[in-house]
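Residue numbers (the working numbering): 26 to 150.
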């Protein structure tokens, strides 16, 4: 997968904030959701369902490291974490990646996590 933007040979090392043997945490800042980033397995895995048990463990460890770092540097009021799997599931880059999104009480969508979008009247059938 030489052209995959999340494979290690394509990653901008300046965006790597944390790393362990099996995954990295990249900062992917957003103008509203300050501190947002991605945990990405070093090995090319198309979706979260393809991770090995060892990669799951490394990801779990990285989640806690990233939270500690973000709590210290940005003091968010909450978090959203999420995987998009497959094109229909909203995945645009087919290398597994976990979104870590710090949330702040003064941002436009404060209090509107995934359940907000799922419970909207137009989404019920």
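Idealized CB from N, CA, C, for every residue including glycine.
Please read these numbers as outputs of a predicted model, since none were measured by experiment.
List the endpoints of the continuous alpha helix (DSSP H) containing residue i.
i, result
"residue 88", "78-99"
Within this structure, are the beta carbons of residue i and residue j separated by less than 9 Å?
i, j, result
"residue 107", "residue 124", "yes"
"residue 42", "residue 67", "no"
"residue 45", "residue 83", "yes"
"residue 138", "residue 103", "yes"
"residue 79", "residue 47", "yes"
Take residue i and list the residues in its own chain whose beta-carbon comes closer than 8 Å to its own, dropping the five residues that flank it on each side.
i, result
"residue 98", "60"
Got a sec, what are the start and stop residues for the beta strand (DSSP E) residue i sits in?
i, result
"residue 104", "103-108"
"residue 128", "123-128"
"residue 52", "48-52"
"residue 66", "62-66"
"residue 42", "41-44"
Quick one: what's got a C-beta closer than 7 Å to residue i's C-beta in the same chain, skipping five residues either side?
i, result
"residue 101", "60, 95, 127, 128 and 129"
"residue 2", "No statement about residue 2 is possible, as the shown extent of the chain runs from 26 to 150 and does not include it."
In chain order, what residues of the same chain have a beta carbon less than 6 Å from the beta carbon of residue i, not counting five sequence neighbours either side?
i, result
"residue 37", "none"
"residue 55", "61"
Count the CB pairs spanning the segment 126-139 and the segment 109-116 that are closer than 8 Å, and state whether there are at least three.
no
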